Amino acid sequence: AVGWSFAYFFCLLSAYYTLRPMREAMAIVGGTQNIPWLFTGTFVTTLLATPVFGWVASRFPRKTFLPWVYYFFIANILLFYVAFTLLEGNGGAPLTWLSRTFFVWLSVFNLFVVSVFWSFMADIYSKEQSRRLFGVISAGGSTGAIAGPWITSQVVESIGTRNLLLISVVLLTLAVVCVFRLRQWATQRHDTGNGTSFDSSKPIGGKALDGILLVLKSPYLGSIAAALLITNFLGVVIYMYMAELVEATFADTDEHTKVFAYLDTATNALSFIGQLFLVRYAVGRLGVGATLAIFPLVSIIGFALLALHPVFVIMAGLQVARRSIGFGLTKPTSDMLYSVVSPDERYKAKNFVETAIYRGSDLVASWTIRAISWIGISGVAVVCMTLAVGWILLVLRIGREYLRRDEAINRGETV
Numbered sequence: 003a004v005g006w007s008f009a010y011f012f013c014l015l016s017a018y019y020t021l022r023p024m025r026e027a028m029a030i031v032g033g034t035q036n037i038p039w040l041f042t043g044t045f046v047t048t049l050l051a052t053p054v055f056g057w058v059a060s061r062f063p064r065k066t067f068l069p070w071v072y073y074f075f076i077a078n079i080l081l082f083y084v085a086f087t088l089l090e091g092n093g094g095a096p097l098t099w100l101s102r103t104f105f106v107w108l109s110v111f112n113l114f115v116v117s118v119f120w121s122f123m124a125d126i127y128s129k130e131q132s133r134r135l136f137g138v139i140s141a142g143g144s145t146g147a148i149a150g151p152w153i154t155s156q157v158v159e160s161i162g163t164r165n166l167l168l169i170s171v172v173l174l175t176l177a178v179v180c181v182f183r184l185r186q187w188a189t190q191r192h193d194t195g196n197g198t199s200f201d202s203s204k205p206i207g208g209k210a211l212d213g214i215l216l217v218l219k220s221p222y223l224g225s226i227a228a229a230l231l232i233t234n235f236l237g238v239v240i241y242m243y244m245a246e247l248v249e250a251t252f253a254d255t256d257e258h259t260k261v262f263a264y265l266d267t268a269t270n271a272l273s274f275i276g277q278l279f280l281v282r283y284a285v286g287r288l289g290v291g292a293t294l295a296i297f298p299l300v301s302i303i304g305f306a307l308l309a310l311h312p313v314f315v316i317m318a319g320l321q322v323a324r325r326s327i328g329f330g331l332t333k334p335t336s337d338m339l340y341s342v343v344s345p346d347e348r349y350k351a352k353n354f355v356e357t358a359i360y361r362g363s364d365l366v367a368s369w370t371i372r373a374i375s376w377i378g379i380s381g382v383a384v385v386c387m388t389l390a391v392g393w394i395l396l397v398l399r400i401g402r403e404y405l406r407r408d409e410a411i412n413r414g415e416t417v
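Printed below as a string of structure tokens:
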């Protein structure tokens, strides 16, 4: 079962990361000046899709509807393949709008397929099993996140960007095979207890606004949300200016896709190293707050270099450094912050922060950056350095509150 779960997550993230460089190239096709509109479309689509998915999840067991989620996305990819094939060589407004639609679609695709994956894992493994096995299973996703963009970088110039869609279809189909094998294994188990706090065959329950209210009432959760806002603002700065620099530096869509694929490969390889070797050491020696402060500290150094030399090489190095630290060190550490909150906060508030706050911050950041773009890359980099200083102070405060809560829980007190 662990082998099938590893393969499942590998195929899933390989399928996504094979297409992710294509998404970045599509942002250029649609015009880099329109990137804020792409983030707006992604945010609105996420808001519309979330209740639809919630309705399905509340009425059908995940082990029943899960394959159909992937069938739906496979059908979407095939439709995109047909559309890109028909418009190949034509260009113009139809191709531009198709590129924009693909950007939004893939952004939503990633959000939901990964969420569905972990829901399924929680259904079929007990709590004890999850503690032992989820690290190994996560490594499957990290490996897939390295393989996907590497595949793209090696084949995109020979087969063309649109044919990457067919590779993704094959990988998603293999993921469905893994789902069926895992369903069969789970059905054959004599011990059906999954260690979760709810019956996966019944609606989860609760109210739609629970997550929002919990974040608003808790200074601890509010600080986590504020830190995410700053993190994303700095990330969107790099994303938008990177698109402009790639467009100015390289010739066509295939080359753009290849460049983004190389950047993703480097990022995910470094993230994998961080997940395996750095997180436990850093948290153990430095503590949660100081470990979280590494990300903004590196950001300050990177944006200082960018302010002095706003060129592609510096921007690319900053993107790889920030994203690899973010995925390899900061994200695993941030997930620990929810170990000292109530179950409602752990599930509902965390979900709200990592979906609505995450996508909403992309939206706010992109329009803000566009509004201040008159000060140039160097000027925006100085603004980012200032925000990163505030970010350090914020995460150190979060780290102190985490420690206080952890000590209270160890004493048997309610936090």
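Numbering-wise (the working numbering), the sequence shown opens with residue 3 and increments by one. By construction, the Cβ of each residue, glycine as well, lies at the ideal position given by its N, Cα and C atoms. Computed from a predicted model, the values in this text were never measured in an experiment.
Checklist entry - Short check: CB of Y264 to CB of G150, under 8 Å? => result no
Next on the checklist: Counting C-beta neighbours from all protein chains within 10 Å, is the total for Y283 16 or more, i.e. buried, or is it exposed?
Outcome noted: exposed
Checklist entry - Is it true that the CB of S16 sits closer than 8 Å to the CB of L173? => result yes
Next on the checklist: For a test of the three-state rule: what should DSSP assign to P312, helix, strand or coil?
Outcome noted: coil
Checklist entry - Taking the alpha carbon of F12 as the point to measure from, which residue in G224, V181, S101 and W70 has its own alpha carbon closest? => result V181
Checklist entry - What first and last residue would you give for the alpha helix (DSSP H) that runs through E246? => result P221 to T251
Item to check | Validate contact between the segment 370-390 and the segment 287-294 using beta carbons, cut 8 Å, 3 pairs | outcome: no
Checklist entry - What do you reckon, are the CB atoms on F8 and A51 nearer than 8 Å? => result no
Item to check | Under the three-state DSSP convention, the category V355 falls into | outcome: helix
Item to check | Range of the contiguous alpha helix (DSSP H) that encloses I400 | outcome: G378 to N412
Checklist entry - For L216 versus Y360, is the C-beta distance shorter than 8 Å? => result no
Checklist entry - What do you get for E90, buried or exposed, if any count of 16 or more other CB atoms within 10 angstroms of its CB means buried? => result exposed
Checklist entry - Got a sec, what are the start and stop residues for the alpha helix (DSSP H) Y283 sits in? => result V281 to L288
Checklist entry - Can you tell me whether S341 is buried or exposed, with buried defined as 16 or more other CB within 10 angstroms of its CB? => result exposed
Item to check | 8 Å CB neighbourhood of T335 in its chain, flanking five on each side removed | outcome: V281, A284, V285, V290, T293 and L294
Checklist entry - How do the segment 255-275 and the segment 324-332 stand: do at least 3 beta-carbon pairs fall below 8 Å, yes or no? => result yes
Next on the checklist: Would you call the segment 242-260 in contact with the segment 138-153, where contact means no fewer than 3 C-beta pairs closer than 8 Å?
Outcome noted: no
Next on the checklist: I'd like to know whether the C-beta of F8 is nearer than 8 Å to at least one C-beta of chain D.
Outcome noted: Among the chains of the structure shown, chain D does not appear; only one protein chain is present.
Checklist entry - What are the start and end residues of the alpha helix (DSSP H) that includes A177? => result L166 to Q190
Item to check | Proximity below 8 Å, CB of A390 to CB of F305 | outcome: yes
Item to check | Host alpha helix (DSSP H) of I468 (start-end) | outcome: The structure shown does not extend to residue 468, since the chain spans only 3 to 417, so no value can be given for it.
Checklist entry - Does the beta-carbon distance from I400 to I226 come in below 8 Å? => result yes
Checklist entry - With L339 and Y404 assumed to form a contact (beta carbons below 8 Å), what rounded beta-carbon distance in angstroms separates them? => result 6 Å
Item to check | Whole-angstrom C-beta distance between G330 and G276, which should lie under 8 Å | outcome: 2 Å
Checklist entry - In whole angstroms, what is the alpha-carbon distance linking S199 and Y10? => result Any answer about S199 is weak, because its pLDDT of 39 lies below 50 and its placement is not dependable; what the coordinates show is given next. Going by the C-alpha atoms only, they are around 25 Å apart.
Next on the checklist: Residues in the same chain with beta-carbon distance under 7 Å from A27, minus the five sequence neighbours each way, listed in chain order, please.
Outcome noted: T163, T255, H258, T259 and F262
Item to check | For V110, the three-state DSSP class (helix, strand or coil) | outcome: helix
Item to check | Same chain, Cβ closer than 6 Å to F41, neighbours up to 5 away in sequence not counted | outcome: D364, L365 and S368
Checklist entry - Helix or strand or just coil, what does DSSP make of A419? => result Nothing in the structure corresponds to residue 419, since the chain is present only between 3 and 417.
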